[in-house]
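Student: Sharing a structure here in C-alpha cells format.
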Amino acid sequence: MKIKSILLLIGFSIVVLYGASAFNDKQSEGQYNQQVAVFQQKSKRVTNFIGSLVDKATPKTLANIGVTEAEPAPPLVIAARKQIGVTTKYDPAYVSLKFPMGDVPMDRGVCTDVVVRAYRQQGKDLQVLVNSDMKQAWSKYPKIWGLKSTDKNIDHRRVPNLRTFFSRHGKSLGVSDNPADYKAGDLVTWDLSGRPHIGIVSNRSKNSVPFIIHNIGVGTQENDILFRFKITGHYRY
C-alpha cells in the first residue's frame, strides 16, 4: 500500500508542477485555451502511466516476490488454476451425481475434485474412466470402504482409487526429496496424519520448490506444500 501511495503522490505532483509552469497571466484567451488542451492531454498520459504502475504494485504481486513461473503452463495446470477463487469451500459430503460428468457445485469440493475438474477440461472424465477400470479390475482397487461393487457417485472422488488408476493407466514415478523431479502437471499424493490428499504440481515455484494446486480445506489454492507432508505417490497421466 505504501508503494501505491508513493506512486500516486508522484503522479499528482507531476501534474501540478506542469500546470503551474504552463499558464501565466499574460496569455491571450486563444493561448490559454491551447495550453489547457495540451495540459489535459499530457496530464492524462501521466495519470495513465502512473495508474499502470499502481496496478502492477498490487498486494498480490508484492506477496509473490521470489516466485518464478516456467512458461508455458501445461493445460492441466491452467485448468486447475482457474478453479482458484471459484471453489472456495471444502465439502466432503456424499452426493448423488449424474453420470457421466457428474459434479458437486463448483463453489465446493474436496482435493480430488480439483483433479477431476482439471482433467475434464482436457477431455478426460475420471468419473467414467475410474468406474470402467474398477469394473474391469475390481481386485486391483482398495477395499477400504467395504463396498462390493462400484459407486459412480464417489469412486473417482477417493484418493486411493485415483492412485490405483494413475498407476495402471499413467506413469507411477519415484518419490524423492528433489524438487526438480516434480514437473508441472504431475500429480502428487500425501498422507495427512492418516488422511489421503492429492494435488497438481504447478509451473510456479519458490526457491526451486514447485507450488501445488489443491484443496486442503478452504477451497482451491496454489501454494508451497510439496514437502510439508509425507509424500505417498507421484504420478504422470
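First residue of the sequence shown: 26, per the numbering used here; consecutive thereafter. For each residue, glycine too, the CB sits at the ideal point set by N, CA and C.
Tell me where the beta strand (DSSP E) around H259 begins and ends.
Tutor: Walking along the sequence shown from the start, residue 259 turns up at place 234. Per DSSP, H259 belongs to the beta strand (DSSP E) from 255-261.
Student: Would you call W163 buried or exposed, if buried means 16 or more other Cβ atoms sit within 10 Å of its Cβ?
Tutor: Taking the first residue of the sequence shown as position 1, residue 163 is located at position 138. Exposed.
Student: Rounded to a whole number of angstroms, what is the C-alpha to C-alpha distance between Y262 and R253?
Tutor: As a first step, residue 262 must be located in the sequence shown, where it is residue number 237. As a first step, residue 253 must be located in the sequence shown, where it is residue number 228. Roughly 23 Å separates the two Cα atoms.
Student: Touching or not, the segment 125-139 and the segment 221-234, by the rule of three or more beta carbon pairs under 8 Å?
Tutor: Yes: the two stretches touch, three or more of their Cβ pairs being nearer than 8 Å.
Student: What would DSSP say about D158, mapped onto helix, strand or coil?
Tutor: For the purposes of this step, residue 158 is taken as the residue at position 133 of the sequence shown. Of the three classes helix, strand and coil, the one that applies to D158 here is helix, per DSSP.
Student: Using 8 Å for Cβ pairs, my map puts G199 next to H259. What's the rounded Cβ distance?
Tutor: For the purposes of this step, residue 199 is taken as residue 174 along the sequence shown, with counting starting at 1. For the purposes of this step, residue 259 is taken as residue 234 along the sequence shown, with counting starting at 1. Right, the Cβ-Cβ distance comes to about 7 Å (below 8 Å), so this counts as a contact.
Student: So K310 and R193 are supposed to be a Cβ contact under 8 Å. How far apart are they, rounded?
Tutor: Residue 310 lies beyond the stretch modelled for the chain, which goes from 26 to 262, so this question has no answer here.
Student: Going by DSSP, what residue range makes up the alpha helix (DSSP H) through D187?
Tutor: Position 162 of the sequence shown holds residue 187. Checking the sequence shown, residue 187 turns out to be Leu, not Asp. Note, L187: alpha helix (DSSP H), 184-194.
Student: Pick from R106, T214, K177: whose alpha carbon is nearest that of F191?
Tutor: Locating residue 191 in the sequence shown gives position 166, counting from the first residue. Per the Cα distances, T214.
Student: In this structure, how does DSSP classify W215 when only helix, strand and coil are distinguished?
Tutor: On the sequence shown, position 190 is the one that residue 215 refers to. Note: W215 maps to strand in three-state DSSP.
Student: If the criterion is Cβ atoms closer than 9 Å, does the pair G127 and T245 meet it?
Tutor: By 1-based counting over the sequence shown, the position of residue 127 is 102. By 1-based counting over the sequence shown, the position of residue 245 is 220. No, the pair does not count as a contact, with Cβ atoms beyond the cut-off.
Student: How would you label S174, buried or exposed, when you count the other beta carbons within 10 angstroms and need 16 or more for buried?
Tutor: The count along the sequence shown starts at 1 and reaches residue 174 at position 149. Answer is exposed; the Cβ neighbour count stays below 16.
Student: Kindly list the residues whose CB is nearer than 6 Å to the CB of Q146, restricted to its own chain and excluding five residues on each side of it in sequence; keep chain order.
Tutor: Taking the first residue of the sequence shown as position 1, residue 146 is located at position 121. For Q146, where only same-chain residues beyond five positions count, the Cβ hits under 6 Å are A104.
Student: Please state whether DSSP places V153 in a helix, a strand or coil.
Tutor: The residue you call residue 153 lines up with position 128 of the sequence shown. V153: helix per DSSP, three-state reduction.
Student: Looking at C-alpha atoms only, which residue of V120, D216, S233, K177 is the closest neighbour of A209?
Tutor: Working through the sequence shown from its first residue, we reach residue 209 at position 184. Cα-wise, what sits closest to A209 is S233.
Student: With C-beta atoms as the reference, is S230 less than 9 Å away from A143?
Tutor: On the sequence shown, residue 230 is found 205 positions in, with the first residue counted as 1. On the sequence shown, residue 143 is found 118 positions in, with the first residue counted as 1. Cβ atoms of S230 and A143: not closer than 9 Å.
Student: Roughly how many angstroms separate the alpha carbons of P167 and K255, rounded to a whole number?
Tutor: Translated into positions along the sequence shown, residue 167 becomes position 142. Translated into positions along the sequence shown, residue 255 becomes position 230. Looking at the two C-alpha atoms, the distance is approximately 20 Å.
Student: What residues in its chain sit with their C-beta under 6 Å from that of L154, if we drop five residues either side in the sequence?
Tutor: Locating residue 154 in the sequence shown gives position 129, where the first residue counts as 1. The answer is none, since no qualifying residue turns up.
Student: Within this structure, are the beta carbons of I10 and Q108 separated by less than 9 Å?
Tutor: Residue coverage of the chain in this structure runs from 26 to 262, which leaves residue 10 outside it and unanswerable.
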